[in-house]
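Asker: Respectively, the protein sequence lines represent chains A and B.
Take the position in the first sequence, starting the count at 1, then add 5; the result is the number in the working numbering.
Take the position in the second sequence, starting the count at 1, then add 2; the result is the number in the working numbering.
The beta carbon of each residue, even a glycine, is placed where N, CA and C say it ideally should be.
Only a predicted model underlies this, so the values are computations on that prediction, with no experimental measurement involved.
Okay, here's the structure, questions in a sec.
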Amino acid sequence: MQTKQFKDVQVGDKLPKQAIPITVALITSGAIATRDFFPGHHDKDAAIELGSPHIFMNILTTNGLVQAFVEKWSGPDSIFKDIKIKLGMPNYPGDTMTFKGEITATDAQNKTVEVGLAGQNQYGTHVTGTVLIALP
Amino acid sequence: MAKYEWFAEIDAMVGHQYGRIYAWDKVNEAMVRQWCEVMGVDNPIYTDADYAAKSQHGQLVAPPAMLQAWCLAGFHDELAPGSTTDNPYGVLKLLEAQGYPAVVAVNCDLHFDRYIGIGERLYYTTVFDDISEEKTTALGTGFFVTLKMVFLSETGDGKDDEKVGEMLFRVIKFKPANPPEKAKPAGSDNAAPKMLRPKPGISDDNRFFWEGCDAKELRIQQCKHCEKLQHPPAPVCMHCHSFELDYKLASGKGELYSFVVMHHPHVPPFDNPNPIGLIELEEGVRIAAGLIGVEEDVSPKIGEAVEVEFHTYEGELTLPQFRLVSTKESS
């Protein structure tokens, strides 16, 4: 696995798009792997009772998927400083969320790079955000 | 802002600091591996001890985005021993009592001071940072509530515990604008309802056009009297006012007269960005339609050659769309 080098990246560089199938397995496993046992994340009947058509992804899983998306590109020696996300439309099973991202700022002094990203599903934007990472 | 008497009580709580909430377990390999598997994280610094030992971390560490997970209450909704009984989300309960039942998370900002090693035990404290004035959004009317959490690692040897990260969490607690009806359950294929393209309004005047699409023909209205063309279809000829109308098959070839690429807002289920063209057909009339073959960073050009393609959505809606001829070979 290669780590991106700070000298090799610049503002406007794009991350490879990533399409993530949203499944019952991903939503429930993500919730449990983040110790989030809220029924809306694993119990369809409970989710319907709450006004949702199906179980919906929890925020901690969204954060995890954001990290995965950026880290696949930035590599094993990149260091995450910030993950700042804004939440939009829910992720329900049967959908696909596609991540897009690009470098929006660089800081040569600290060798940090800001990645602006958005994850979109069929209902619109599930998540937008910025991730600050340090590169060697 | 003295809109509600009860608000003063909540507003006075801004700045209140809540006590520690401990993690049930030390940061551990098993939970990290499971998290990495689910999220699709394959960086070996989290799961391969030999690799991690040689990395800048010198040991296995926890994925940063996992920060919040360590201190959650768990299946029984009970906090780990030693945790405060002063609920940091108490302010939301107070708003609920005033008739703001719904909650939606808006922002989650994580900051990492350093990576956390296997074996560390975390806890966090919370500050009720801010409550907005009452706001009306598309969701409904309510308040934005901001909490700030600081995560620390216990040293256990009398030294000051070390701060390892922070989280800002903002929710809107609101009265729904459209009280949630019982949602329509997802279909038997175990998926949430699919967003569909809106269907056209079909009338006696334009039926020929849409039936043409079904037959993969681009039909343009033609006056029987003056033989001129017009689009979109109308009940009367715009040139000679005759009611005697027929249609002519267009070749489907034309050029881009104008276009717009819609980036915001994302209107599902349309592609985002969504390129829309005004096409001047070689027969001389213009038609607005979706463009195909537009690459995200390459702007279409006015005057560019385009050609019709028919695409069927959900097996029942066939639309004429126009492909940039320059992209025809490559795709």
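Per the contact definition of three or more C-beta pairs closer than 8 Å, is the region 31-46 of chain B in contact with the region 50-59 of chain A?
Answerer: Contact between the region 50-59 of chain A and the region 31-46 of chain B is absent: fewer than three C-beta pairs spanning the two stretches fall below 8 Å.
Asker: State the Cα-Cα distance for the pair Gln-61/B and Ile-47/B, rounded to the nearest angstrom.
Answerer: Residue numbering aside, residue 61/B sits at position 59 when the second sequence is read from its first letter. Residue numbering aside, residue 47/B sits at position 45 when the second sequence is read from its first letter. Their backbone Cα atoms lie some 8 Å apart in a straight line.
Asker: Report the three-state DSSP secondary structure of Val-269/B (helix, strand or coil).
Answerer: As a first step, residue 269/B is located in the second sequence; it is residue number 267 there, counting from the start. Correct three-state label for Val-269/B: coil.
Asker: With which residues is Lys-177/B paired in a DSSP beta bridge?
Answerer: For the purposes of this step, residue 177/B is taken as residue 175 along the second sequence, with counting starting at 1. DSSP, once it has assigned bridges, lists Thr-143/B as partnering Lys-177/B.
Asker: Taking contact to mean 3 or more Cβ pairs, one atom from each stretch, closer than 8 Å, check whether the region 243-254 of chain B and the region 290-303 of chain B are in contact.
Answerer: no
Asker: Would you say Gln-127/A faces chain B, with C-beta separation under 8 Å as the test?
Answerer: Residue numbering aside, residue 127/A sits at position 122 when the first sequence is read from its first letter. Yes, its Cβ sits closer than 8 Å to a Cβ of chain B.
Asker: Under a three-way DSSP split, which group does Pro-241/B fall into?
Answerer: Indexing the second sequence from 1 puts residue 241/B at position 239. It is His, not Pro, that sits at residue 241/B in the sequence shown. His-241/B falls in the coil class under three-state DSSP.
Asker: Between which two residues does the beta strand (DSSP E) containing Glu-110/B stretch?
Answerer: Residue 110/B sits at position 108 when you count from the first residue of the second sequence. The sequence given here places Cys at residue 110/B; Glu does not occur at that position. Where Cys-110/B is concerned, the enclosing beta strand (DSSP E) stretches over 104-114.
Asker: Whose CA, out of Thr-127/B, Lys-137/B, Val-129/B, Lys-303/B, lies closest to the CA of Leu-293/B?
Answerer: Within the second sequence, residue 293/B is the residue found at index 291, counting from 1. Out of Thr-127/B, Lys-137/B, Val-129/B, Lys-303/B, Lys-303/B has the C-alpha closest to the C-alpha of Leu-293/B.
Asker: Rounded to the nearest angstrom, what separates Tyr-6/B and Gln-70/B at their Cα positions?
Answerer: The residue you call residue 6/B lines up with position 4 of the second sequence. The residue you call residue 70/B lines up with position 68 of the second sequence. Roughly 34 Å separates the two Cα atoms.
Asker: For Met-94/A and Tyr-128/A, which I take to be in contact (beta-carbon distance under 8 Å), what is that distance rounded to the nearest angstrom?
Answerer: As a working mapping, residue 94/A is identified with position 89 in the first sequence. As a working mapping, residue 128/A is identified with position 123 in the first sequence. Confirmed, Cβ separation roughly 4 Å.
Asker: Please state the DSSP three-state secondary structure of Met-3/B.
Answerer: By one-based count along the second sequence, residue 3/B stands at place 1. Any reading at Met-3/B needs caution, since the residue's pLDDT is 47, under 50, leaving its predicted position unreliable; the model's value is listed next. Three-state result, Met-3/B: coil.
Asker: Quick one: is Ile-64/A near chain B, going by C-beta distance under 8 Å?
Answerer: Here the question's residue 64/A lines up with position 59 in the first sequence. Closer than 8 Å to some Cβ of chain B, the Cβ of Ile-64/A qualifies, so yes.
Asker: Give me the chain A residues within the contact set of Ala-107/B, using Cβ-Cβ distance strictly less than 8 Å, ordered along the chain.
Answerer: As a first step, residue 107/B must be located in the second sequence, where it is residue number 105. Within chain A, the residues near Ala-107/B are Ile-64, Leu-92.
Asker: Taking DSSP as the reference, what is the three-state secondary structure of Ser-333/B?
Answerer: As a first step, residue 333/B is located in the second sequence; it is residue number 331 there, counting from the start. Below a pLDDT of 50, predicted positions are generally treated as unreliable, and Ser-333/B, at 44, falls in that range; the measurement from the model is reported next regardless. Coil, per DSSP.
Asker: Strictly below 8 Å CB to CB, what residues from chain A border Phe-77/B?
Answerer: If you number the second sequence from 1, residue 77/B lands on position 75. Those are Phe-42, listed as they occur along chain A.
Asker: Would you decide whether Met-151/B is buried or exposed? Buried here means 16 or more other CB atoms lie within 10 Å of its CB.
Answerer: Your numbering for residue 151/B matches position 149 in the second sequence. The residue in question, Met-151/B, is buried, as its Cβ has 16 or more Cβ neighbours within 10 Å.
Asker: Under a CB-based cut-off of 8 Å, is Ala-38/A close to chain B?
Answerer: Start at 1 with the first residue of the first sequence, and residue 38/A comes out as number 33. Closer than 8 Å: yes.
Asker: Any beta-carbon of chain B closer than 8 Å to the one on Ile-108/A?
Answerer: Residue 108/A sits at position 103 when you count from the first residue of the first sequence. Output row for Ile-108/A: interface = no.
Asker: For Arg-221/B, list the residues DSSP reports as bridge partners.
Answerer: What you label residue 221/B is simply residue 219 of the second sequence in a count that begins at 1. The partner list for Arg-221/B (beta bridge, DSSP) reads Leu-251/B.
Asker: Residues of chain A with a CB under 7 Å from the CB of Ile-47/B: which are they?
Answerer: Residue 47/B sits at position 45 when you count from the first residue of the second sequence. Here the neighbours are Pro-81.
Asker: Just how far apart, CA to CA, sit Val-4/A and Phe-74/A?
Answerer: Residue 4/A is absent from the structure shown; chain A starts at 6 and stops at 141.
Asker: In its own chain, which residues sit with a C-beta less than 6 Å from the C-beta of Cys-110/B, not counting the 5 before and 5 after it?
Answerer: The residue labelled residue 110/B in the question sits at position 108 within the second sequence. Excluding positions up to five away in sequence, the list reads Phe-171.
Asker: Determine whether the beta carbon atoms of Leu-92/A and Val-132/A lie at a separation below 8 Å.
Answerer: Taking the first sequence and counting its residues from 1, the one referred to as residue 92/A is at position 87. Taking the first sequence and counting its residues from 1, the one referred to as residue 132/A is at position 127. Closer than 8 Å, so yes.
Asker: If you scan the region 6-70 of chain B from start to end, which runs of the beta strand (DSSP E) of 3 or more residues do you find wholly inside it?
Answerer: 19-24
Asker: Counting Cβ pairs closer than 8 Å, one from the region 208-226 of chain B and one from the region 123-140 of chain B, do we hit at least three?
Answerer: no
Asker: Does Gln-7/A pass the burial test, meaning 16 or more other C-beta atoms within 10 Å, or should it be called exposed?
Answerer: Residue mapping note: residue 7/A aligns to position 2 of the first sequence, counting from 1. Gln-7/A is exposed by the Cβ-count criterion.
Asker: Thr-314/B by DSSP, collapsed to three states: which one?
Answerer: On the second sequence, residue 314/B is found 312 positions in, with the first residue counted as 1. In this structure, Thr-314/B counts as strand in the three-state DSSP scheme.
Asker: Just list the beta strand (DSSP E) runs in the region 85-131 of chain A, keeping only unbroken ones of 3 residues or longer that don't cross its boundaries, in chain order.
Answerer: List check, beta strand (DSSP E) in window: 101-112, 117-126.
Asker: On the premise that Cys-242/B lies in contact with His-227/B, defined as a C-beta separation below 8 Å, what is that separation, rounded to the nearest angstrom?
Answerer: Here residue 227/B corresponds to residue number 225 of the second sequence, with the count starting at 1. Here residue 242/B corresponds to residue number 240 of the second sequence, with the count starting at 1. Correct: roughly 5 Å between the Cβ atoms.
Asker: Identify whether Pro-195/B lies in helix, strand or coil by the three-state DSSP scheme.
Answerer: Working through the second sequence from its first residue, we reach residue 195/B at position 193. Coil.
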